[in-house]
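Residue numbers (UniProt numbering): 1 to 187. Heads up, the beta-carbon is just placed ideally off N, CA and C, and yes, glycines get one too. A short worksheet on the structure shown next.
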């Protein structure tokens, strides 16, 4: 009988210890959650939400703190067409923009902001695509501290538009997506 009562008291002791450990774990999880939410005040969260909802215009700069900034400086229409292209756009435009590498570093390449980072939407809601015309300044990979000024992309619109929308999507060093919306007049 001694062996049975010994096992029973050991079992009770283990149950108490297990219960205490679960309580400690719950307390630590609660503390960790409080620390996570206290890192951002309500005003910080509101500020981030406002930044995500903000629509930028011509010559307005979108800055992602410590990483990069981007400014569209003009959207101009051109009558020029590529005689070798099968595309027959209603309108061809040049997007001109500047960007700066404030602190973006990546093992694969320096900061590059080009048409692959843009979704361009015409006034009828259709997605536009690049068009093969010669640009004066192509976007380039730039290291921290450098700027690319006057980058240019040529875009084909299916519908003639007085305004376009550009949704820019870029990923930071931690593969977190950052997006911004620009609404720009076509000149």
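Boundaries of the beta strand (DSSP E) harbouring residue 99: 91–101, taken from the DSSP string. In the DSSP assignment, residue 150 falls within the unbroken beta strand (DSSP E) covering 147–157.
Counting the other CB atoms within 10 Å of its CB gives residue 12 a total below 16, which places it among the exposed residues. Residue 28 carries a helical assignment under DSSP once its states are collapsed to helix, strand and coil.
Secondary-structure assignment with DSSP links residue 165 through a beta bridge to 121, 183. DSSP, reduced to helix, strand and coil, places residue 69 within a strand of the structure shown. For residue 63, the enclosing beta strand (DSSP E) covers residues 61–64.
Rounded to the nearest angstrom, the gap between the Cα atoms of residue 111 and residue 89 is 30 Å. Assignment of beta-bridge partners to residue 55 by DSSP yields 181.
Sequence-distant partners of residue 105 (beyond 5 residues in either direction) whose C-beta falls short of 8 Å from its own C-beta, in its chain, are 144, 173. Judged by their CB atoms, residue 93 and residue 77 are nearer to each other than the 8 Å cut-off. The C-alpha of residue 64 lies about 15 Å from the C-alpha of residue 55. Straight-line spacing of the CA atoms in residue 157 and residue 108 works out to 32 Å.
Residue pairing for residue 74: DSSP places it in a beta bridge opposite 96. With contacts defined as CB atoms closer than 8 Å, residue 98 and residue 134 fail to qualify as a contacting pair. Counting the other CB atoms within 10 Å of its CB gives residue 14 a total below 16, which places it among the exposed residues.
For residue 116, the secondary structure class from DSSP, reduced to helix, strand or coil, is helix.
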